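Asks: Take a look at this one; I'll ask things after.
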Amino acid sequence: MSDILEVRELRAYYGQVQALHGIDLSLREGSVTTLLGANGAGKTTTLRSICNMVRFTGAIRFDGIELSTRSTERLVRLGIAHVPQGRGTFTRMTVEENLRLGAISRNDEKAVTGDIDRMYAHFPKLKERRSQQAGTLSGGEQQMLAVARALMLRPRLMLLDEPSFGLAPLIVRDLFAILARINREDKVTIMVVEQNAELALELASDAYVIETGRIVMSGPAAEIAGNEDIRKSYLGY
Amino acid sequence: MELLTNQILAGIATGSIYACMALSVVMIYQAIDHLNFAQGEMATFSAFVAWQLMQWGIPFWPCFVLTVIISFAAGVAIERGLFRPLAKASVLTNVAGFIALFAIVNSVTGMTWDYTIKEFPSPFGSSQFLRSELINSHQAGMIGVTSLLLAFLYCFLGFTKVGLAMRAAVSTPESAKLVGINVGWMVALGWGLASSIGAVAGMLIAPVVFLEPNMMGGILVYGFAGAVLGGLSSPAGAVLGGILVGVFENLIGTYVPGAGNELKLPIALALIILVLRFRPDGLFGRNVVERV
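See the structure below:
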C-alpha cells in the first residue's frame, strides 16, 4: 500500500513558541493510524498543521500534493475531513444543516441528499433530532454528528482530534466501532489523536507516540500495545 | 381609533426603513463583531448615486436596481480594502476605521453633490393608498419593498447553499473553514448585502426627508436602536426592533402630551433603554442553548 499522507520535518510555532520540533509521519492508504501522547505533547498541533491552521515549516504531502501552500478551505476540497477538538459543531444550526455543511464543497446535490439518508441510517439518533438545534444534543450525539458531518465530504482522509473526550466509556466503544466500520466499508484512511491509548491502539493498525513535539516511538499498533515499557513510560496504562 | 391606526401604519412605514438599517448593522456585526457607524453615510451615498443616474435620464426602477448592484460592489470593496486588513487589529483600531469611513464617505458625498437639499422622486407618488385616509402610497410602497427585501433575504439565507455557508461562516468561522467554506469571501458578501440593504433604505427614505449628505444621521440612530432592541444576534429581531421603534416614535409623538416632534426620539430611546434594562440581549436576542 502506498502512503496517502507524508509529513517531513514538521516544525510548528505559536508566536515565538515552537510546539513541534521536526515530526515525520507516514499514513498508509486505508489504514487507521493513531497519534498518542500526553497533554501538550503536540498532537493537536500536528493535526492543525496538516490543515494549515498554524504556522509551520516542513513538507506535508497528501497523495503527492503539497498542502502547505493551500489554505484550509482549499485543502478540504482534496478530501481531507478534520473533526477538531471540541467537535466543531455548528451549534446554532439544525442537525440536518450541519450535515449539509459537511458536504458544502461538493457539487453533486442529489448524491448529497442520498448521503444524508445514509448518515441517518448509520446514526438513527441523528434522524430523530434532524431539525433540532445541534447545540442541544448531548456530548455523545454531538460527536456522532461531527463524525457524520466529516463523512458527508466523502473524505479520503479523516483526521479526528480526541473523539473520546468527555464521553462515557460505553459511548466511546460505540463510536470506535463506527470508526472501524467506516474505515473498512468506506475505505477512509483515518488518523486519530487520542489520550485514551488503550482503545486507540485496539482500533489502529499503526501508531506514533509523541512527546514534547517529537516522535519518540512508532510502529504497528499491536507492537506498541505489547511493549510494556512504552506503555508504562508514555501511555500511562 | 382612526388616528391610532393611522399612526401605527405610518410608524410601520418609517419603521421599515429603520428595520433595513438595523438589518444592515446586524449583518456586519454578526460577521465581524463591530458596529458599522458609517452604514448611514453609505446609504446616503447610494441614494445620491441613484439620484445622479436619474439626472442622466434613466427611469426610477432601472436606477434602483443599478444602485443596489453598485452598492453591493462598493460594500465588498470596502471590506476587502479597509476592514479585511484590520480583521486582527484591536477593537479601537476598527472603531477608528469606521469613523474614518464615516467621515470620508460623508465628505466625498458633500464634495461631489454639494450640501443643498435635493428632491428625490417617489415611484409610488404620495396620493392616498387605495383611497384610504390611513396611509399614503409612498408609505405603502416603503412597507411593500421592505417586505419583498426581507422575504428575499429570508429565502436566500434559509434555503440556498450560499446562504447556509454564510450563516456558518459568521457563526462558527473555524469549523466553516474545515468544511471548505471561504470565510473571508462570506464576510465580504455580508458587507455587500448590508450595503445593498442600506441603499434600498436610502432610496426609500430620500423622498420623505429630502436628499442631502447628512440625511441618514438620525435614521441610523433609530436603526441602531432597533438593532439593539431586537437583539444584535438576531436579524429577524433587528427587523422587528426597527419597526417597533418606528411605531413607538409615532405613538409617543401623538399621544404623550407635550412630546411633539422634539421629544419623541429621546422618549423612544429612553423606553428602549428601559427594555434593555430587563432584557440585555434585546427582545429577540438568542440565549444560545448549548450543552457540553
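Which chain is which? The protein sequence lines are P and D, in order. 1 is the number of the first residue of the first sequence in the numbering used here; add one for each residue after it. 1 is the number of the first residue of the second sequence in the numbering used here; add one for each residue after it. Positions of the beta carbon are idealized from the N, C-alpha and C atoms, including for glycine. Owing to the predicted nature of the structure, the values given are computational and were not obtained by experimental measurement.
Using the beta-carbon count (16 or more within 10 Å), is Asn94 of chain D buried or exposed?
Replies: Asn94 of chain D should be labelled buried.
Asks: For Gly285 of chain D, which beta-bridge partners are listed by DSSP?
Replies: Answer by DSSP bridge pairing: none, since Gly285 of chain D is not bridged.
Asks: Looking only at DSSP bridge pairs, what is Ile210 of chain P linked to?
Replies: DSSP lists P:Ile215 as partners of Ile210 of chain P.
Asks: Quick one, which residues of the region 63-88 of chain P are near chain D if we go by CB-CB under 7 Å, in chain order?
Replies: Per Cβ criterion, the list reads Thr72, Glu73, Val76, Arg77, His82, Pro84, Gly88.
Asks: Run through DSSP, which three-state label would Pro169 of chain P get?
Replies: Pro169 of chain P falls in the helix class under three-state DSSP.
Asks: Cβ closer than 8 Å: which chain D residues qualify as neighbours of Ile104 of chain P?
Replies: Correct list: Lys161, Leu164, Ala165, Ala168, Val179, Gly180, Ile181.
Asks: Straight-line CA distance for Val54 of chain P to Val91 of chain D?
Replies: Those two C-alpha atoms are separated by around 23 Å.
Asks: Tell me whether the beta-carbon of Gly135 of chain P lies closer than 7 Å to the beta-carbon of Leu167 of chain P.
Replies: In this structure, Leu167 of chain P does not lie closer than 7 Å to Gly135 of chain P by Cβ.
Asks: According to DSSP, is Leu251 of chain D helix, strand or coil?
Replies: Residue state, collapsed to three classes: helix.
Asks: Quick one, which of D:Val68, D:Cys63, D:Gly57 has its alpha-carbon nearest Ile197 of chain D's?
Replies: Comparing Cα-Cα distances from Ile197 of chain D to each of D:Val68, D:Cys63, D:Gly57, the minimum goes to D:Val68.
Asks: Measure the beta-carbon distance from Ala19 of chain D to Met216 of chain D and round it to whole angstroms, keeping in mind my assumption that it falls under 8 Å.
Replies: Not confirmed; about 14 Å, so no contact.
Asks: I'd like to confirm the pairing. Which residues does DSSP put opposite Asp3 of chain P in its beta bridges?
Replies: Partner(s): P:Arg28.
Asks: Distance check for Pro266 of chain D and Pro207 of chain D, CA to CA, integer angstroms please.
Replies: The straight-line gap from Cα to Cα measures roughly 24 Å.
Asks: Identify, in the order they occur along the chain, each residue of the same chain with its Cβ nearer than 8 Å to the Cβ of Tyr208 of chain P, setting aside the five sequence neighbours on each side.
Replies: Leu25, Thr33, Thr34, Leu35, Leu36, Ile215, Met217, Ser218, listed in sequence order.
Asks: Identify the contact partners of Phe90 of chain P in chain D, using a Cβ-Cβ distance below 7 Å as the criterion.
Replies: Per Cβ cutoff of 7 Å: Ala168, Ser171, Thr172, Ser175.
Asks: Between the Cα of Val188 of chain P and the Cα atoms of P:Gly114, P:Arg154, P:Gln132, P:Leu201, which residue gives the shortest distance?
Replies: For Val188 of chain P, the nearest C-alpha among the options comes from P:Arg154.
Asks: Going straight from the alpha carbon of Arg277 of chain D to that of Glu141 of chain P, what length do you get?
Replies: Each residue's Cα considered, the two are about 37 Å apart.
Asks: If you draw a straight line from the C-alpha of Phe90 of chain P to the C-alpha of Gly190 of chain D, how long is it?
Replies: Rounded to whole angstroms, Phe90 of chain P to Gly190 of chain D spans 19 Å at the Cα level.
Asks: Taking contact to mean at least 3 C-beta pairs separated by less than 8 Å, is the region 5-16 of chain D in contact with the region 216-235 of chain P?
Replies: At 8 Å Cβ cutoff, the stretches do not touch.
Asks: How many angstroms separate the CA atom of Asn183 of chain P from the CA atom of Ser205 of chain P?
Replies: The alpha-carbon atoms of Asn183 of chain P and Ser205 of chain P are separated by roughly 11 Å.
Asks: So who's on the other strand from Asn136 of chain D, going by DSSP bridges?
Replies: Per DSSP, D:Gln128.
Asks: Counting only the same chain and skipping the five closest in sequence on each side, list residues whose C-beta sits under 7 Å from that of Phe102 of chain D.
Replies: Result list for Phe102 of chain D: Phe37, Ala38, Glu41, in chain order.
Asks: Compare the Cα-Cα distances from Ala150 of chain P to each of D:Leu157, D:Thr160, D:Gly180, D:Gln52 and report the closest residue.
Replies: Of D:Leu157, D:Thr160, D:Gly180, D:Gln52, the residue nearest in Cα terms is D:Gly180.
Asks: Taking 8 Å as the cut-off, does the region 161-180 of chain D touch the region 97-108 of chain P (at least 3 CB pairs, one atom from each stretch)?
Replies: The region 97-108 of chain P vs the region 161-180 of chain D: in contact.
Asks: How would you write the range of the beta strand (DSSP E) that Ala59 of chain P sits in, first residue to last?
Replies: It spans 55-62 - the beta strand (DSSP E) in which Ala59 of chain P sits, taken as one unbroken run.
Asks: Which residues in chain D have a C-beta closer than 7 Å to the C-beta of Leu101 of chain P? List them in chain order.
Replies: Near Leu101 of chain P (Cβ distances below 7 Å), the residues of chain D are Leu164, Ala168, Val179.
Asks: Which residue's Cα is closest to the Cα of Leu157 of chain D: D:Tyr222, D:Arg167, D:Phe210?
Replies: Among D:Tyr222, D:Arg167, D:Phe210, the Cα nearest to that of Leu157 of chain D is on D:Arg167.
Asks: Find the nearest neighbour of Thr72 of chain P within the set D:Gly242, D:Ala47, D:Ser175, D:Arg279, judged by alpha-carbon distance.
Replies: Comparing Cα-Cα distances from Thr72 of chain P to each of D:Gly242, D:Ala47, D:Ser175, D:Arg279, the minimum goes to D:Ser175.
Asks: For Thr44 of chain P, which beta-bridge partners are listed by DSSP?
Replies: Paired residue(s): none; Thr44 of chain P is not in a bridge.
Asks: With a threshold of 8 Å, are at least 3 pairs of Cβ atoms found where one atom belongs to the region 59-67 of chain D and the other to the region 245-252 of chain D?
Replies: Short answer: they don't touch.
Asks: Going along chain D, which residues have a C-beta under 7 Å from Glu97 of chain P?
Replies: Ordered by position in chain D, the residues that pass the 7 Å Cβ test against Glu97 of chain P are Leu164.
Asks: Quick one: give me the first and last residue of the beta strand (DSSP E) that Ile190 of chain P is part of.
Replies: Residues 189-194.
Asks: On a CA-only basis, which of D:Ser137, D:Leu82, D:Ala31, D:Gly223 is nearest Ala100 of chain D? Give me that one, please.
Replies: Among D:Ser137, D:Leu82, D:Ala31, D:Gly223, the Cα nearest to that of Ala100 of chain D belongs to D:Leu82.
Asks: Taking DSSP's pairing of strands, which residues face Val68 of chain D in a bridge?
Replies: Paired residue(s): none; Val68 of chain D is not in a bridge.
Asks: Determine the chain D residues that contact Met93 of chain P at a beta-carbon separation under 9 Å, and present them in chain order.
Replies: Going along chain D in sequence order, the residues near Met93 of chain P (Cβ under 9 Å) are Leu164, Arg167, Ala168, Ser171, Thr172.
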